[in-house]
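Novice:
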Amino acid sequence: MAVSPPVPVNGIKGESLALDGGGWLIGLPNISDVSTNVTLSDENTKFPIHTELKIKPNTCPFVLVDYPLHSMGINGQIKYSTVELVSSKKTDDLVELTFAFNDSAELMVNWPNSSLVDAGGWHIEEVQAGFRLWLHSKVFVSAEILGFNGKRVVIKAMNREEVCNEEFKRQSNMLFETNTVESQQIDLTRTHWRSVKMDPSNEDWFTSALSCKSDRLYLEQNNIYRGFGWYRSSISNIKDLRGFLIRSGSDILTIHFDNNYLGTFVPGGGDQFVALPNGLKLSGKADVVIRAEIWGHANFDDHRLPSLRLNSLRGIGGLMAVQKVEQISQNWFYQHRAQHPADKIDPIWPMLLFGGWTYTDEPLQGIYYALFFNLRNEKFQDLALRQKMEKVLLLHTQRYVKYYG
88 MAVSPPVPVN GIKGESLALD GGGWLIGLPN ISDVSTNVTL SDENTKFPIH TELKIKPNTC
148 PFVLVDYPLH SMGINGQIKY STVELVSSKK TDDLVELTFA FNDSAELMVN WPNSSLVDAG
208 GWHIEEVQAG FRLWLHSKVF VSAEILGFNG KRVVIKAMNR EEVCNEEFKR QSNMLFETNT
268 VESQQIDLTR THWRSVKMDP SNEDWFTSAL SCKSDRLYLE QNNIYRGFGW YRSSISNIKD
328 LRGFLIRSGS DILTIHFDNN YLGTFVPGGG DQFVALPNGL KLSGKADVVI RAEIWGHANF
388 DDHRLPSLRL NSLRGIGGLM AVQKVEQISQ NWFYQHRAQH PADKIDPIWP MLLFGGWTYT
448 DEPLQGIYYA LFFNLRNEKF QDLALRQKME KVLLLHTQRY VKYYG
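In this note's numbering, each number is its position in the sequence shown, counted from 1, plus 87.
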């Protein structure tokens, strides 16, 4: 399948998808809070004719256009359909097409030299190369059309909820066979278990370790694609050390410092602050060790977590030793959908907690602003003498933050 350029749609903007074998699937998204009626047209066809194509708020129905039936042995096509084709079955000389609809349905079938056998509840009119079918009520309908070569096409339509019920009934009628297998007893005494002391801070543990480049720390960048990887680094100054900030970590991270276990974390590809517990006894080795476990890799793209993105990497992107911690999450000004930092703060911008919910759209785009003053230093007590320094940071989550300090 391939995506084509946008197609003209009267009433709403749509995107068309070229289908393998011919035809188009047009998506009609309605992201507003009100229902919208639309019509579609090309040089020769305008539809719907007898019904309304109503798109409910926050929905995206799909419209089928110029869909050939040659793969089913029928020398014809579905010229258009305002309802979704959910099932097709072929047996010998019979083809069954089932459509799902909400309130109304309309479709047109081009099949030269065919004849109507049974309307089956549809409203039907004959057109130049076939038939146009439509209905306005939530009832099950089934029409049969006969070709000149004896082949038959049955066109069914049912309410969307009924389609789900029919699928459930079909699955409920399936037969399952179960085979009982006797469990086998395993003699664990013959598996040669042995205890191995593990000291990840020991020099011998990293005898064959490789030195990583600062910009290539992820496991995959060092030829580790599954299982575990170990990181070790020495800290030159542990005075006033408050903890560690793991940058862009995933999947499962266990951190040790000077042979002390600090915890196991699942950052999801984001940052994780690991505080040192009070009363921690340090021997002076000042080695920090992180075990990174690869759980797997995403085969889809979900922007809500960095580790759920396609091509996301495992391990850590960096590690920072933290010597001072300040609470700065309160009273941020937020400029929604801003692309570049503003020269000054607008007082009408909303004030909120940094990192909290601000908008329902995803991904979140905007810039945060805050004012910070050093009140601990006496020479800054006079507001007129406070010297401001402006900095702009690009956070890992692709949000801009402007702060003054």
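Even for Gly, the Cβ is constructed at its ideal location relative to N, Cα and C. Here the structure is a predicted model, which is why all the values come from computation and not from measurement.
If we count the other Cβ atoms within 10 Å of its Cβ and call it buried at 16 or more, is arginine 36 buried or exposed?
Specialist: Limits of the chain in this structure are 88 at one end and 492 at the other, which puts residue 36 out of reach.
Novice: Within a Cβ cutoff of 6 Å, which residues of the same chain sit near glutamine 468, ignoring the five residues on either side of it in sequence?
Specialist: With a pLDDT of only 36 at glutamine 468, under 50, the local geometry of the prediction cannot be trusted, and no value is derived from it.
Novice: Strictly by DSSP, which residues pair up with glutamate 231?
Specialist: Answer is Asp205 and Val241.
Novice: Valine 226: buried (16+ other C-beta within 10 angstroms of its C-beta) or exposed?
Specialist: Counting Cβ neighbours within 10 Å, valine 226 comes out exposed, since fewer than 16 surround it.
Novice: Look at the Cβ atom of alanine 379, then the Cβ atom of leucine 340, and state whether they are nearer than 8 Å.
Specialist: Yes; because the gap between Cβ atoms is below 8 Å, this pair is in contact.
Novice: Ignoring anything shorter than 3 residues, give me the beta strand (DSSP E) runs that lie fully in the segment 309-366, in order along the chain.
Specialist: Within the segment 309-366, the complete beta strand (DSSP E) runs of at least 3 residues are 314-321, 330-334, 339-344, 347-352 and 359-362.
Novice: Quick one: measure Cβ to Cβ for valine 241 and serine 229, integer angstroms, because I've assumed they're closer than 8 Å.
Specialist: Going by Cβ atoms, the distance from valine 241 to serine 229 rounds to 6 Å, so yes, they are a contact pair.
Novice: On the DSSP letters alone, give me the boundaries of the beta strand (DSSP E) that asparagine 197 sits inside.
Specialist: Here the beta strand (DSSP E) through asparagine 197 covers 192-197.
Novice: So, for glycine 237: in the same chain, excluding its five sequence neighbours on each side, which residues have a beta-carbon less than 7 Å away from its beta-carbon?
Specialist: Excluding sequence neighbours, glycine 237 sits near Asp180.
Novice: In whole angstroms, what is the alpha-carbon distance linking glutamate 231 and aspartate 190?
Specialist: Going by the C-alpha atoms only, they are around 22 Å apart.
Novice: For aspartate 435, count neighbouring Cβ atoms within 10 angstroms of its own Cβ and tell me buried if that reaches 16, exposed if not.
Specialist: Looking at the sequence shown, residue 435 is not aspartate but isoleucine. Classification of isoleucine 435: exposed, given that the 10 Å Cβ count is below 16.
Novice: Within this structure, are the beta carbons of valine 214 and methionine 195 separated by less than 8 Å?
Specialist: A contact, by the Cβ cut-off of 8 Å.
Novice: Are glutamine 422 and isoleucine 454 closer than 8 Å when you measure CB to CB?
Specialist: Yes, the pair counts as a contact, with Cβ atoms nearer than the cut-off.
Novice: Does aspartate 129 pass the burial test, meaning 16 or more other C-beta atoms within 10 Å, or should it be called exposed?
Specialist: Exposed: under 16 other Cβ atoms inside 10 Å.
Novice: Quick one: Cα of proline 148 to Cα of leucine 140, how far?
Specialist: Each residue's Cα considered, the two are about 10 Å apart.
Novice: Span of the beta strand (DSSP E) holding arginine 219?
Specialist: Arginine 219 -> beta strand (DSSP E) spans 217-222.
Novice: Between the segment 311-327 and the segment 387-394, do three or more beta carbon pairs fall short of 8 Å?
Specialist: With the cut-off at 8 Å, the segment 311-327 and the segment 387-394 do not touch.
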